[in-house]
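2 protein chains.
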Amino acid sequence: MARQAAVKKAGDLRHTAEERRTEVLQAAVAEFALHGLHGTSTEMIAKRIGISQPYIFRLFPSKKALFLAAIDQCFDRVETAFRNAARESANPSEPNRHATASPVEARLHEMGHAYLRLMAKRELLLFQMQAYAACSDEDVRRKVKLRWERLMKVTGEISGASGDALTGFFARGMLMNVLASIRLVPEKSADKWGHEMLGYG
Amino acid sequence: MARQAAVKKAGDLRHTAEERRTEVLQAAVAEFALHGLHGTSTEMIAKRIGISQPYIFRLFPSKKALFLAAIDQCFDRVETAFRNAARESANPSEPNRHATASPVEARLHEMGHAYLRLMAKRELLLFQMQAYAACSDEDVRRKVKLRWERLMKVTGEISGASGDALTGFFARGMLMNVLASIRLVPEKSADKWGHEMLGYG
DNA sequence: GGACTTAGTGAGTAATCAGTCATAAGGAGG
DNA sequence: CCTCCTTATGACTGATTACTCACTAAGTCC
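Chains as they are written, first to last, in my numbering: chain A, 21 to 221; chain B, 21 to 221.
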């Protein structure tokens with residue numbers, strides 16, 4: 021707060037390292053999503069938020085470390101969205117949509133919608149594909165594998181689903197990822213299509 | 021034939037441009053699968069088959085053109101495998117495995133197995149992921165989209181499946197791709213797991 | 001054996017890259 | 001005012017890149 025009391029020359033401010041780190045991370049997700057680990061230069065990331073390229077290396081030890089942090093952020097966002105969706109489906113703020121569905125189905129339904137909303141921005145969607153593609157790198161693979169295991173466990177726990185229902189849920193999600201990556205589905209009808217795809221039309 | 025009559029000093033032979041092109045294409049699939057479009061240098065590809073790096077550019081106009089050719093080859097192999105599988109399931113050389121299944125189910129079953137066999141080599145599997153990841157490039161995206169549309173059409177035609185059955189078939193395939201990419205599944209039980217995953221256990 | 005075509009390479013180029021380092025400059029506390 | 005810490009950059013480096021070009025040599029036809 022003391023810092024905020026100082027006069028603000030717009031855009032001239034210095035930020036804390038922590039603020040910058042999150043900025044860089046966000047920019048990194050955006051750039052990595054478009055061009056992948058090897059196709060993205062640290063300069064691209066720096067330019068996106070208007071800092072110098074060397075400063076990236078003060079905030080992250082290497083480009084790969086930044087990529088790994090981006091993976092964590094990506095999975096965190098999915099996990100959070102799933103938790104919120106499951107919580108929302110607990111107190112039915114949306115009445116009479118699927119009165120006949122079981123609680124488990126209702127939660128999966130809500131989580132499917134949450135996933136669609138998250139991926140509609142395309143940034144997370146494309147970054148996810150880049151993360152899978154970069155899995156020939158052992159560090160990347162380890163991290164992605166770890167987060168997948170955790171996501172499946174968490175998803176099973178909070179939805180109550182298991183076995184075929186859970187597998188089917190993730191399977192439809194992955195197909196959606198691919199088809200959305202290549203824009204096989206007309207943009208305009210993506211919403212409707214997504215809901216049908218996920219089996220909750 | 022006239023060419024073959026000449027004395028062969030092992031390894032000293034010159035090949036036709038066409039032979040080299042297929043060699044290069046094969047090497048390209050292997051390298052691109054591991055390191056992606058941007059992570060693979062033309063030198064890596066050249067070294068793999070023991071030719072000079074500049075010669076690549078006599079056989080293909082650019083690195084991207086080579087990548088696009090690799091995409092075609094990848095989808096061709098899947099398509100061929102599917103066609104063969106459907107043909108095989110027509111004359112039941114394997115009796116009494118699923119006597120109760122409908123012809124459509126039997127064909128999908130056989131095609132699922134064929135896909136597992138193809139992907140077991142991991143080369144096509146990983147290259148596929150690289151192709152999806154490279155879809156921010158418009159030329160790549162166009163080609164992948166085209167081949168996907170064609171693959172879905174062909175698959176529907178030769179299997180007789182449609183709607184949910186077809187969607188489910190591809191969805192399970194994509195989930196398998198991802199989980200196999202990150203080796204989430206223990207290598208030893210991959211076969212059994214794959215069959216269960218595809219719903220034909 | 002000589003002329004012509006085709007396979008194949010060595011040497012280079014201009015550009016780009018991740019990462020380093022010395023140093024500037026903003027702000028807080030005295 | 002001065003001191004000290006942190007934010008931030010400019011200038012650089014050695015390595016790597018896709019791609020070009022002039023050239024060699026192998027094989028073919030007459």
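For glycine and all other residues, C-beta sits at the position ideal for the given N, C-alpha and C.
Quantities reported herein were computed from a predicted structural model and do not represent experimental measurements.
Quick one: is residue i buried, meaning 16 or more other Cβ sit within 10 Å of its Cβ, or exposed?
| i | result |
| --- | --- |
| LEU145(A) | buried |
| ASN111(B) | exposed |
| ASN104(B) | exposed |
| ARG192(A) | buried |
| LEU33(B) | exposed |
| VAL44(B) | buried |
| HIS129(A) | buried |
| THR42(A) | exposed |
| PHE77(A) | exposed |
| SER109(B) | buried |
Do you know offhand how far residue i's Cα is from residue j's?
| i | j | result |
| --- | --- | --- |
| TYR187(A) | LEU86(B) | At residue 187(A) the sequence reads Thr, which differs from the Tyr that was named. Near 36 angstroms, if we compare the C-alpha coordinates of LEU86(B) and THR187(A). |
| GLY221(A) | ARG127(A) | Any reading at GLY221(A) is ruled out, since the residue's pLDDT is 48, under 50, leaving its predicted position unreliable. |
| LYS163(B) | LYS208(A) | 21 angstroms |
| ARG97(B) | ALA200(B) | 19 angstroms |
| PHE189(A) | GLY132(A) | 8 angstroms |
| GLU216(A) | ALA140(B) | 31 angstroms |
| ILE65(A) | GLU143(A) | 14 angstroms |
| LYS84(A) | ARG68(B) | 26 angstroms |
| GLY176(B) | ALA185(B) | 10 angstroms |
| VAL174(B) | HIS35(A) | 56 angstroms |
| ILE71(B) | ALA48(B) | 13 angstroms |
| VAL198(B) | HIS55(A) | 19 angstroms |
| ARG40(A) | ARG40(B) | 50 angstroms |
| PHE102(B) | PHE102(A) | 36 angstroms |
| SER82(A) | SER122(B) | 55 angstroms |
| LEU166(B) | LYS165(A) | 31 angstroms |
Residues of chain A with a CB under 9 angstroms from the CB of residue i: which are they?
| i | result |
| --- | --- |
| CYS155(B) | LEU146, MET149, SER201, ILE202, ARG203 |
| TYR152(B) | MET149, TYR152, ALA153, ASN197, VAL198, SER201, ILE202 |
| ARG161(B) | SER201, ILE202, ARG203 |
Mind checking whether residue i and residue j have CB atoms under 8 angstroms apart?
| i | j | result |
| --- | --- | --- |
| TRP168(B) | LEU218(A) | no |
| ILE178(B) | ALA106(B) | yes |
| PHE52(A) | GLN150(A) | yes |
| MET194(B) | LEU195(A) | yes |
| GLN73(B) | THR62(B) | yes |
| ALA210(A) | ALA153(B) | no |
If distances are taken between C-alpha atoms only, which option among the options comes closest to residue i?
| i | options | result |
| --- | --- | --- |
| GLU38(A) | TYR75(A), ILE178(A), GLY59(A), SER61(A) | TYR75(A) |
| SER156(B) | ALA134(A), THR60(A), ILE69(A), ALA105(A) | THR60(A) |
| LYS183(B) | TRP213(A), ARG107(A), MET172(A), VAL44(A) | Just to set this straight, residue 183(B) is Gly in the shown sequence, not Lys. Per the Cα distances, TRP213(A). |
| TYR135(A) | ALA153(A), LEU171(A), ALA154(A) | LEU171(A) |
| LEU138(B) | THR175(B), THR100(B), GLY70(B) | THR100(B) |
| ASP92(B) | ARG40(B), VAL160(B), ALA185(B) | VAL160(B) |
| ALA181(B) | LEU195(B), LEU54(B), VAL124(B) | VAL124(B) |
| LEU88(A) | GLU158(A), SER109(A), ARG40(A) | GLU158(A) |
| ALA90(A) | ALA50(A), PHE77(A), HIS55(A), LEU166(A) | ALA50(A) |
| CYS94(B) | SER82(B), PHE147(B), SER122(B) | PHE147(B) |
Under 8 angstroms between beta-carbons, which chain A residues line up against residue i? List them in chain order, please.
| i | result |
| --- | --- |
| GLU169(B) | LEU204 |
| MET194(B) | ALA191, MET194, LEU195, ASN197, VAL198 |
| ARG34(B) | None at all; the shortest Cβ gap to chain A is about 34 angstroms. |
Going along chain B, which residues have a C-beta under 7 angstroms from residue i?
| i | result |
| --- | --- |
| VAL164(A) | ILE202 |
In chain B, which residues lie with their C-beta within 9 angstroms of the C-beta of residue i?
| i | result |
| --- | --- |
| GLY183(A) | Neighbours of GLY183(A) on chain B: none; closest Cβ ~10 angstroms, over 9 angstroms. |
| HIS58(A) | HIS55, GLY56, LEU57, HIS58, GLY59, THR60 |
Given that residue i touches chain B, what residues does it touch there, using C-beta distances under 8 angstroms?
| i | result |
| --- | --- |
| ARG97(A) | Those do not exist, as ARG97(A) stays about 18 angstroms from chain B at its closest Cβ, beyond 8 angstroms. |
Closer than 7 angstroms by beta-carbon distance: list the chain A residues that pair up with residue i, in chain order.
| i | result |
| --- | --- |
| ARG142(B) | Those do not exist, as ARG142(B) stays about 10 angstroms from chain A at its closest Cβ, beyond 7 angstroms. |
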